[in-house]
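To convert, count from 1 in the sequence shown and add 1221; that's our numbering. Each residue gets a CB set at the ideal place from its N, CA and C atoms; glycine is no exception. Quantities reported herein were computed from a predicted structural model and do not represent experimental measurements.
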Amino acid sequence: TLDTVGGRFTCSFLHLCTGYYQYDGGYLPAFPGLEEFQGQILRPMEWPAGDALQDKSVVVIGSGATAVSMVPALAKSAAHVTMLQRSPSYLADIPGREGLFYDAMKTVSPSLAASMTRWKYMFLATATYQMCKAFPATTRKMFIKGMTQKVPGQDPKHFTPQYNPWENRVCAVVDSDLFNAINDGRASVVTDRIDGFTGGGVRLASGEELAADAVVMATGFNLQNRFPMSDIDVSVDGEPYEPTKTVLYRGVMLSGMPNLTFSFGYVNASWTLRADLSAVYVCRLLNYMERSGFGECRPRRPDESVGLQAGFGALDAAGYIMRSRDKLPLTGDQAPWKLEQAYISDRFRTVWARFDDGVLHFSSGGRGAPAVMSRL
């Protein structure tokens, strides 16, 4: 049963598409003296309408995907944009559109061209991730060389991360927009720690002060407190849902939770790749339940032979995961409890996964399988 502002809904099977982070505001560190700053303080999730930063001096705090995307966009109209980072990120320059081969294929078969492009980038992303994990020192040198060559004359320290590739996300720079903004002088990068705020800007640990009319807090996000339930208060048989007492099953279900599935993407590749696989698995599961006359299914919690840990199995050193580790469901060190980060093997397991695996428990539940699907 689900109570909403629009009334009460009941169902015999619930599928969640609620993402994994909080949407009501990002992570905001406790910066000393923030209240003293006389300029604008903006947060990406609460962006004002219009071009509020035209002809202004802007400091963007952060070095992740949000900052990397915002800096070149803001630099088009701002007087100057400074990206203030504590530590650099790995940046990969990618084209904004496909080339002549794609255009030629599109005239023959648009669907084939789209499919080939999808598989191309899927293989590229998977191969890059696996190479980074297998040869961290080599890929680190390759990334740093590629970044520094894009911005000749810039201090290499601004493009030399303190960790190996894919310990945190690798950020995409589309059509060199960030590098072009830096080379044109419309944007700059500063690597330092924040000592505090002043009335006119940001004071750094080095003693330098960055003057600013506005500061953008691209400082990351917070994971849901009750993943994957978002902010929904959930109870099972009268007991409140506690994420840390459950274990992820195939990345789409939770141990002990009956008739509940959710869409969950990759944290190291395109989100929709795994979200699509989640949908395929759920459709197969519903069809299996209908054919077999089952009304309820739930994964049993694994026994002690399965090693358990909190996290998503990738990017566990990322700040947003470390801050919420004590709120996350557990994952295992073996299938089907292990959260894999490889699309090809995941696709095989999703399409061919058996439901009578000794983990999923089915029963009639006094109900038939749901005949009508609704989105809330």
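Classified as exposed, Y1244 has fewer than 16 neighbouring CB atoms from the shown chains inside 10 Å of its CB.
By the criterion of a C-beta distance shorter than 6 Å, D1272 is surrounded in its chain by S1298, once the five residues flanking it on both sides are discounted. Take the alpha-carbon of D1396 and the one of T1412: they are about 24 Å apart.
With a beta-carbon spacing of about 7 Å, Y1350 and A1490 fall inside the 8 Å limit used to define contacts. Distance check between P1464 and each of S1451, L1312, Y1509 places S1451 closest, using alpha-carbon atoms only.
Beta-carbon to beta-carbon, T1440 and Y1241 are separated by about 18 Å, too far to satisfy the 8 Å threshold.
Closest option to T1571, judged by alpha-carbon separation, among P1557, P1520, V1580, F1364: P1557. When C-alpha distances from L1506 are compared across F1576, P1523, W1268, the shortest belongs to F1576. For M1478, the secondary structure class from DSSP, reduced to helix, strand or coil, is coil. Taking all protein chains shown into account, W1340 has fewer than 16 neighbouring C-beta atoms within 10 Å of its C-beta and is therefore exposed. A contact between stretches requires three or more CB pairs, one per stretch, nearer than 8 Å, and the stretch 1414-1426 meets this requirement with the stretch 1248-1264. With respect to V1289, L1312 sits close: the two C-beta atoms are nearer than 8 Å.
In terms of CA proximity to P1373, A1402 leads the group A1251, V1455, Y1541, A1402.
Within the same chain, Cβ atoms closer than 7 Å to the Cβ of E1319 are found at T1338, the five residues on either side in sequence being excluded. When beta bridges are read from the DSSP output, E1430 appears opposite R1424.
If one requires a minimum length of 4 residues, the alpha helix (DSSP H) runs lying completely within the stretch 1374-1449 are 1398-1404, in chain order.
Between Y1564 and M1363, the CB-CB gap reaches or exceeds 8 Å.
Going by DSSP, L1274 is part of no beta strand (DSSP E) at all; its letter is neither H nor E. Residues of the same chain with a CB within less than 8 Å of the CB of P1265, apart from the 5 flanking positions on each side, are G1247, T1287, M1291, V1437, M1438, A1439 in chain order.
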